[in-house]
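A.B. asks: First, the structure itself, so that you have it in front of you.
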Amino acid sequence: MNPIADNSDRSIDLARQHLLRDGQVSRQFLRSEIAHSWQRSVDAGLSCASPLEPENLSQSSLNDLKEQHRPLIEAAHPEIKQLAEYFSSVGGLVMLADADATILSVTGDKRHLDSQTRYALAEGASWCEEIRGTNALGTAVIDRSAVMINGNEHFLDSVGYLSCCSAPVTNAEGEVIGVLDLTSLVDNQKLPPNLSLVRQGVRAIENRMFSSRFRQQVILSVHSRPEYLRSSWQGMIALDLDGIIRAANDQLCQLLQRNRKELTGRSLERIFGIRPEQLLNDIRRKGRGVLRGLSGDFCCELLHFPDNQPLILPENRPARETKHRKADAGHKQSDELHSPNKALPELSEFAGQEPSLIKGVRMGSRALAHELPVLIQGETGTGKEVIARALRNDSRRRHQPFVAVNCAAIPEGLIESELFGYQEGAFTGSRKGGMTGRLQQANGGTLFLDEIGDMPLALQARLLRVLQERTIAPLGAGQEIALDIAVICASHRDLKQRVAEGLFREDLYYRLNGVCIRLPAFRNRADKASFIRGFLRQLTPDGQDISLDPELLHQLLIYPWPGNIRQLETTLRVAIAFMEPDESTITTEHLSDDFLDELSSRTAGTDKSSSETAVVQYADITQTTGLSSKAAEKEYERASRYHQSDLKAGEEGVIRQALMHHEGNISASARSLGISRATLYRKMRQYDLMRS
Ligand SMILES: Nc1ncnc2c1ncn2[C@@H]1O[C@H](COP(=O)(O)OP(=O)(O)OP(=O)(O)O)[C@@H](O)[C@H]1O
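The numbering used here puts the first residue of the sequence shown at 16, with every later residue one more than the last.
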């Protein structure tokens, strides 16, 4: 850096004086990126005293712009929320802009700004350099790199009291598609400018966009240092199933010191000298693989495997690979529930042998038949969307559209147009042909509102009106459209609790809650063993008979499954993929190291000679493990003795199963559980099992 251009107020003041006096940008007093930007500002005809003219888009053009940038806004939403949690409490702003530096969202505290700046730092305002001179948003776009513009480094005098950090967001092709910015007052002691925080936020946004764009590819996390794997600094590769590199992120190109063109479209083997099957096998065995690049070795881990695809197979299994590729060829993207080797279960299959589900699906079906709404509550991964689809497939609307909306995934500013839509010409710049809202798309069929508990309060009122009046008026439409839809809602949050906290409208809660189906957590299901068996059958690629090692089954039955069926599915998919062609039994050898660690830590302390009992029907064991009935009986005996900690982990399920096994006989159930009859009664009351 130039010794005089020390970034101090004094050197910048000197540069300003110089500019006013001679009309020249003096490079000796400024950091070089600031000097270049000042020069561009002068070339654009600006002067430091230029006013902060309003340059904001109309509301309608803003809506249109947001619509265009929906993927960026959605990917940035979690980062902005997280940054704003801290920043807004200490007087800062978090902003997202598009690649022209037009602000798409502003979150935070604007009280410390003067009224002009407040207006100029609003959604729809342009901060491109030609209009605003040197500023973080506009300069980051032009320089294609992260910048901090502090105080009077800003070209316009009127914003010299701000301190701003911005970094550009790029897509998988390396094009700038937006900018993330943190802004505060220069003298805000609680919030010193923090470029690395913005850079980190941008990496997280880019990685999220990369992951959601390449759902049909294998995604690997790559870095020369293992501690950076899975962090926002990771390199990412999206790999087609035949080992061709489809995309690479910026960090990967930097790590490998190669440009994107040298990587994309080439085979993994050509670049790194390793076949994808071999790499995945290494990852399975050691948790990580090694990629050998020109500039050294890189470790890598598996981030994502496409749901609907057969996993990359061990080297000597080409036939199966080909077969499944063909089966998948015409498969629709991203519809995880319609995977070729895992059909959507029918209602009875969904309920399995779990009493609460048998009752739940019956009630849900009846509710839909009587045009009543259905509310589904349950932890994440318990199958709320699966049951919603199965209920619809069982209803008279089975041939009509099923439209699913995840209310938590859509940013607040977009959810209204997403749900209600608008007509062409509703506002200047509105999309040609307008936009049909999701409610209207569902007309005649079924609307599934997932994570309804996260819907903003203002929209809850509008939804309530639609459900009461059964009509909808898209923005700009002259007339109302009649709506004939079945409504199914789901949430992992306790909606009653949300009502009590004032976060969910009570009237809407009662309107949606025609019938409430509570999906049990997987650990509490009474039919875990038979469910696992059925699931294995669904997931096995070509009808192969795959069984589970009894010892492993014991552990799976007592493991608490925090991710429920989703986690079980991933676990079994990985295990199946890592079986050799001549193997037919899944053992701990086939599990990922991560899951094995988790399994042993969560099921530690299991003492099979303990008097506490976990009842597992031996019929289930026979079918799940493929053992003869005699051997299965032995296994049943073994499985029937677990430590108290296991009983706690899935106590409700264990008690249910004991009662089912002993056909409701309290004495026999209590004996097998190793507890007194009084304790069993108490626990039955606790888990509301008296009636069933
Ligand atoms: N009964 C079932 N049979 C087969 N697969 C199931 C079943 N229930 C859930 N799954 C699988 O588990 C995964 C999660 O299911 P789903 O998305 O319906 O859960 P969810 O409760 O809606 O989760 P979230 O609250 O996180 O959205 C999916 O891959 C789905 O295929």
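In this text, a Cβ means the ideal position worked out from N, Cα and C, and glycines have one as well.
I want to check one thing, is the minimum distance from the CB of R230 to the heavy atoms of ligand 1 below 7 Å?
C.D. replies: Along the sequence shown, one-based indexing puts residue 230 at 215. The answer is no for R230.
A.B. asks: For the putative contact between G460 and R412, defined by C-beta atoms under 8 Å, what is the C-beta separation to the nearest angstrom?
C.D. replies: The sequence position of residue 460 within the sequence shown is 445, counting from 1. The sequence position of residue 412 within the sequence shown is 397, counting from 1. Indeed, because the Cβ distance is near 5 Å, the residues count as touching under 8 Å.
A.B. asks: Whole angstroms is fine: what's the gap from S26's alpha carbon to N167's?
C.D. replies: Stepping through the sequence shown from its first residue, residue 26 is reached at position 11. Stepping through the sequence shown from its first residue, residue 167 is reached at position 152. If I take the Cα positions, the gap works out to 10 Å.
A.B. asks: Under a Cβ-count criterion, where at least 16 other Cβ atoms within 10 Å of its own Cβ denotes burial, should L34 be classed as buried or exposed?
C.D. replies: The sequence position of residue 34 within the sequence shown is 19, counting from 1. Under this definition L34 is a buried residue.
A.B. asks: Is there contact between the segment 46-65 and the segment 142-149, where contact requires at least three CB pairs shorter than 8 Å?
C.D. replies: yes
A.B. asks: Are the beta-carbon atoms of A673 and S687 separated by less than 8 Å?
C.D. replies: Position 658 of the sequence shown, counting from 1, holds the residue named residue 673. Position 672 of the sequence shown, counting from 1, holds the residue named residue 687. A contact, by the Cβ cut-off of 8 Å.
A.B. asks: Taking only heavy atoms of ligand 1 into account, decide whether any of them is closer than 7 Å to the Cβ of G379.
C.D. replies: For the purposes of this step, residue 379 is identified with residue 364 of the sequence shown, where counting begins at 1. No; taking the cut-off as 7 Å, the Cβ of G379 has no heavy atom of ligand 1 nearer than that.
A.B. asks: Evaluate K399 with the Cβ neighbour count: other Cβ atoms within 10 Å of its Cβ, from every protein chain shown; 16 or more gives buried, anything less gives exposed.
C.D. replies: Taking the sequence shown and counting its residues from 1, the one referred to as residue 399 is at position 384. Flag for K399 reads buried.
A.B. asks: Output needed for N209: all residues of its chain with C-beta closer than 8 Å, excluding positions within five of it in sequence on either side, in chain order.
C.D. replies: In the sequence shown, the residue the question calls residue 209 occupies position 194. C180 and L197, listed in sequence order.
A.B. asks: Looking only at C-alpha atoms, which of A219, V194, P575 and N165 sits nearest to L200?
C.D. replies: Working through the sequence shown from its first residue, we reach residue 200 at position 185. Ranking A219, V194, P575 and N165 by Cα distance to L200 puts N165 first.
A.B. asks: Would you say G468 and L510 are within 8 Å of each other, going by their C-beta atoms?
C.D. replies: The residue labelled residue 468 in the question sits at position 453 within the sequence shown. The residue labelled residue 510 in the question sits at position 495 within the sequence shown. Yes, the Cβ-Cβ distance between G468 and L510 is below 8 Å.
A.B. asks: With distances taken Cα to Cα, identify the nearest neighbour of A384 among A476, V530 and A99.
C.D. replies: For this step, residue 384 is matched to residue 369 along the sequence shown. Measuring from the Cα of A384, the nearest candidate turns out to be V530.
A.B. asks: Compute the distance between the beta-carbons of S380 and A501, then report whether it is under 8 Å.
C.D. replies: To locate residue 380, count along the sequence shown from 1; it is residue 365. To locate residue 501, count along the sequence shown from 1; it is residue 486. No, Cβ-Cβ distance for S380 and A501 is not below 8 Å.
A.B. asks: Which partner residues does Q392 have in the DSSP bridge list?
C.D. replies: Locating residue 392 in the sequence shown gives position 377, where the first residue counts as 1. S506 and R533, per the DSSP bridge assignment.
A.B. asks: Under 8 Å by Cβ, that's how I've got R245 and S236 pegged, so tell me the actual separation to the nearest angstrom.
C.D. replies: Start at 1 with the first residue of the sequence shown, and residue 245 comes out as number 230. Start at 1 with the first residue of the sequence shown, and residue 236 comes out as number 221. So it is a contact: roughly 5 Å between Cβ atoms.
A.B. asks: Specify the secondary structure class of N165 as computed by DSSP and reduced to three states.
C.D. replies: By 1-based counting over the sequence shown, the position of residue 165 is 150. N165 falls in the strand class under three-state DSSP.
A.B. asks: Would you kindly check if the distance between the Cβ of G175 and the Cβ of S56 is under 8 Å?
C.D. replies: Within the sequence shown, numbered from 1, the residue matching residue 56 stands at position 41. Within the sequence shown, numbered from 1, the residue matching residue 175 stands at position 160. In this structure, G175 does not lie closer than 8 Å to S56 by Cβ.
A.B. asks: Let me make sure I understand the geometry here. Which of T586, D612, S432 and S615 has the alpha-carbon closest to that of I601?
C.D. replies: Your numbering for residue 601 matches position 586 in the sequence shown. With distances taken between Cα atoms, I601 lies closest to T586.
A.B. asks: Using CA atoms only, rank isn't needed, just tell me which of R485, T451, C504 and L498 is closest to M470.
C.D. replies: The residue you call residue 470 lines up with position 455 of the sequence shown. Residue C504 is the option with its Cα nearest to M470.
A.B. asks: Between A187 and F225, which are expected to be in contact by the criterion C-beta below 8 Å, what is the C-beta distance as a whole number of angstroms?
C.D. replies: Counting from 1 along the sequence shown, the entry for residue 187 is found at position 172. Counting from 1 along the sequence shown, the entry for residue 225 is found at position 210. 6 Å between Cβ atoms; contact.
A.B. asks: Tell whether a beta-carbon distance below 8 Å holds between T603 and L567.
C.D. replies: As a first step, residue 603 must be located in the sequence shown, where it is residue number 588. As a first step, residue 567 must be located in the sequence shown, where it is residue number 552. A contact, by the Cβ cut-off of 8 Å.
A.B. asks: Can D465 be considered in contact with ligand 1, in the sense that its beta carbon sits closer than 7 Å to one or more heavy atoms?
C.D. replies: Position 450 of the sequence shown, counted from the start, is the residue given in the question as residue 465. Yes, the Cβ of D465 comes within 7 Å of a heavy atom of ligand 1.
A.B. asks: Hey, is V418's beta-carbon within less than 8 Å of any beta-carbon in chain D?
C.D. replies: This model lacks chain D altogether; it includes just one protein chain.
A.B. asks: May I ask whether a heavy atom of ligand 1 can be found less than 7 Å away from the beta carbon of V162?
C.D. replies: Position 147 of the sequence shown holds residue 162. Every heavy atom of ligand 1 is 7 Å or more from the Cβ of V162, so no.
A.B. asks: Can you grab the Cα-Cα spacing for the pair K301 / D312, in whole Å?
C.D. replies: By one-based count along the sequence shown, residue 301 stands at place 286. By one-based count along the sequence shown, residue 312 stands at place 297. For K301 and D312, the distance between alpha carbons rounds to 16 Å.
A.B. asks: Relative to the C-alpha of S562, which candidate in H605, G578 and W576 has its C-alpha closest?
C.D. replies: Position 547 of the sequence shown, counting from 1, holds the residue named residue 562. S562 has its Cα closest to that of H605, out of H605, G578 and W576.
A.B. asks: Would you call P596 buried or exposed, if buried means 16 or more other Cβ atoms sit within 10 Å of its Cβ?
C.D. replies: Looking up residue 596 in the sequence shown gives position 581. Counting Cβ neighbours within 10 Å, P596 comes out exposed, since fewer than 16 surround it.
A.B. asks: Under a three-way DSSP split, which group does N78 fall into?
C.D. replies: As a working mapping, residue 78 is identified with position 63 in the sequence shown. Here N78 sits in helix by DSSP.
A.B. asks: Can you name the start and end residues of the beta strand (DSSP E) that A262 belongs to?
C.D. replies: Indexing the sequence shown from 1 puts residue 262 at position 247. Element bounds for A262: I260 to A263.
A.B. asks: Is any heavy atom in ligand 1 found nearer than 7 Å to the beta carbon of K698?
C.D. replies: Residue mapping note: residue 698 aligns to position 683 of the sequence shown, counting from 1. No, the beta carbon of K698 sits no closer than 7 Å to any heavy atom of ligand 1.
A.B. asks: Are G491 and Q438 close, meaning C-beta to C-beta below 8 Å?
C.D. replies: As a position in the sequence shown, residue 491 is number 476, starting the count at 1. As a position in the sequence shown, residue 438 is number 423, starting the count at 1. Yes. Within cutoff.
A.B. asks: In whole angstroms, what is the alpha-carbon distance linking D703 and E667?
C.D. replies: In the sequence shown, the residue the question calls residue 703 occupies position 688. In the sequence shown, the residue the question calls residue 667 occupies position 652. CA-to-CA, the gap between D703 and E667 works out to about 10 Å.
A.B. asks: With respect to the beta strand (DSSP E) encompassing K470, which residues constitute its N-terminal and C-terminal limits?
C.D. replies: Within the sequence shown, numbered from 1, the residue matching residue 470 stands at position 455. For the record, residue 470 in the displayed sequence is Met; it is not Lys. First-last for M470: undefined, no H or E at that position.
A.B. asks: Which of helix, strand or coil does DSSP assign to E316?
C.D. replies: The residue you call residue 316 lines up with position 301 of the sequence shown. Of the three classes helix, strand and coil, the one that applies to E316 here is strand, per DSSP.
A.B. asks: Under the rule that 16 or more other beta-carbon atoms within 10 Å means buried, what is K341, buried or exposed?
C.D. replies: Reading the sequence shown from its first residue, position 326 is the one you call residue 341. Because the pLDDT of K341 is 26, which lies under 50, any placement of that residue in the model is unreliable, and the number read from its coordinates should be weighed accordingly. Result: exposed.
A.B. asks: Could you check how far apart the C-beta atoms of R106 and H127 are, in whole angstroms? I think they sit under 8 Å.
C.D. replies: By one-based count along the sequence shown, residue 106 stands at place 91. By one-based count along the sequence shown, residue 127 stands at place 112. This sequence places Gly at residue 106; Arg is not what is there. Confirmed, Cβ separation roughly 5 Å.
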